[in-house]
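Engineer:
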Amino acid sequence: MKKIVLLLTLSLTLMAETLTLSGSVISDNQKMITSRFMGFVTNVYASEGEKVKKGEVLYTIDSREIDSAKRQSELSLQMYQNQYTNVDLNLERYKRLFKKDMVSKYEVENLQLAAKNLQDMMSIAKARVQEVENQYKYLRIKAPNNAVVVAKNIKVGEMAMPGMPAFILSDLTDLKISAEIAEGNLSHIKYGKKVIVKIPSLGIKAIGTISAIIPNSNPMTHTFKIKISFKTNNKSVYPGMYATVAID
9 MKKIVLLLTL SLTLMAETLT LSGSVISDNQ KMITSRFMGF VTNVYASEGE KVKKGEVLYT
69 IDSREIDSAK RQSELSLQMY QNQYTNVDLN LERYKRLFKK DMVSKYEVEN LQLAAKNLQD
129 MMSIAKARVQ EVENQYKYLR IKAPNNAVVV AKNIKVGEMA MPGMPAFILS DLTDLKISAE
189 IAEGNLSHIK YGKKVIVKIP SLGIKAIGTI SAIIPNSNPM THTFKIKISF KTNNKSVYPG
249 MYATVAID
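By the count of this note's numbering, the sequence shown reaches residue 256 at its end, each step adding exactly one.
1. Can the beta-carbon of L263 be found less than 7 Å from the beta-carbon of N242?
2. Whole angstroms is fine: what's the gap from Q38's alpha carbon to I176's?
3. In terms of alpha-carbon separation, which member of S237, I215, V65 lies closest to I41?
4. Just how far apart, CA to CA, sit I212 and F238?
5. Candidates P227, K233, T229: which alpha carbon is nearest I221's?
6. Provide the residue span of the beta strand (DSSP E) that contains E188, from first to last.
7. Hey, quick one: how far does the alpha helix (DSSP H) through T93 stretch, first residue to last?
8. Under a three-way DSSP split, which group does I132 fall into?
9. Assuming D70 and T50 make a contact with CB atoms under 8 Å, what is their CB distance in whole Å?
10. Can you tell me which of the three DSSP states S30 falls into?
11. Considering only their Cβ atoms, is the gap separating S84 from A123 smaller than 7 Å?
12. Measure the Cβ-Cβ separation of N154 and K235 and say whether it is below 7 Å.
13. Would you give the residue range spanned by the beta strand (DSSP E) that S178 belongs to?
14. How about V203 and I255: are their beta carbons less than 7 Å apart?
15. Looking at C-alpha atoms only, which residue of I149, R44, E73, A135 is the closest neighbour of Y53?
16. If we ignore side chains and look at the alpha-carbon of each, how far apart do K107 and M130 end up?
17. What does the alpha-carbon distance come out to for the pair S112 and S81?
18. Among N94, D182, E73, which residue has its Cα nearest to the Cα of E141?
19. So what does DSSP say about A123, is it helix, strand or coil?
20. My assumption, with CB atoms under 8 Å, is that T257 sits in contact with L29. Please give the rounded CB distance.
21. Cutting at 6 Å between CB atoms, please list the residues of its own chain near P247, excluding the five before and the five after it.
22. Can you name the residues that DSSP bridges to I234?
23. Considering just the uninterrupted stretch of the beta strand (DSSP E) at V156, what are its terminal residues?
24. Between Y88 and M167, what straight-line distance do the alpha-carbon atoms span, to the nearest angstrom?
25. DSSP three-state label for V164, please.
26. Can you list, in chain order, the residues of its chain with a C-beta nearer than 8 Å to that of D128? Leave out the 5 residues immediately preceding and following it.
Right under this line is the structure:
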């Protein structure tokens with residue numbers, strides 16, 4: 009009931025004096041998806057315009073570089089383990105000989121130090137193997153949240169490069185309207201002001217709230233960007249749709 013009364017009040021006020029702005033629906037949570045490692049794309053599971061869910065795999069890249077790193081790490085670990093086994097056997101033998109006064113304490117201590125150093129090297133090598141194995145999860149690039157794919161810039165067989173956006177996702181649960189307002193009309197708006205927003209193609213009319221006033225003026229047009237938050241139950245609203253904003 010309060011919403012209806014507020015809409016009616018705003019509508020009556022607009023009859024007196026209204027500033028109407030043209031704008032577009034935007035997502036205030038748009039993400040560029042890229043891979044952490046370089047590699048050839050093996051599969052692509054999403055297309056432009058498709059809705060994806062949080063955790064859904066978008067694409068995968070091959071594991072040859074990580075496979076090679078894992079083999080090298082495992083070989084290093086095996087080498088240190090073999091060396092430690094030999095040193096430990098000699099250490100036990102020297103301890104027995106030391107009790108019989110057949111070797112010096114210095115020789116026993118040297119073997120103990122060698123065994124300790126090899127244990128440290130094994131710990132480092134094990135950590136490296138685990139670190140490499142953890143990298144496999146980054147070969148399956150997943151959606152960080154529920155969203156719609158607004159751009160796909162990658163194909164099977166292409167090289168995925170760190171820092172190069174492969175997908176652009178827009179969160180449909182955090183939509184706003186972006187519009188530009190002339191410098192001379194800034195006095196008519198303020199943060200939190202109620203306005204009427206419309207999306208003509210869907211016949212949507214709702215109360216919106218000015219949630220941001222971007223202070224960076226466009227030097228060519230002398231306009232400022234504003235963002236308007238609004239709520240709608242219509243599931244067909246997408247970023248890029250034309251919208252209008254009526255400000256009394």
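Built from N, CA and C at the ideal position, the CB exists for glycine as well. None of the values given here were measured: they were computed from a predicted structure.
Structural biologist: On the basis of the data shown:
1. No answer is possible for residue 263: it lies beyond the span of the chain, which begins at 9 and ends at 256.
2. 7 Å
3. V65
4. 11 Å
5. K233
6. 183 to 190
7. 72 to 107
8. helix
9. 5 Å
10. strand
11. no
12. no
13. 175 to 178
14. yes
15. I149
16. 29 Å
17. 36 Å
18. E73
19. helix
20. Because residue 257 is not part of the residues shown, which for the chain are 9 to 256, the question remains open.
21. V33, I34, S35, S178
22. A187, I221
23. 155 to 160
24. 36 Å
25. coil
26. none
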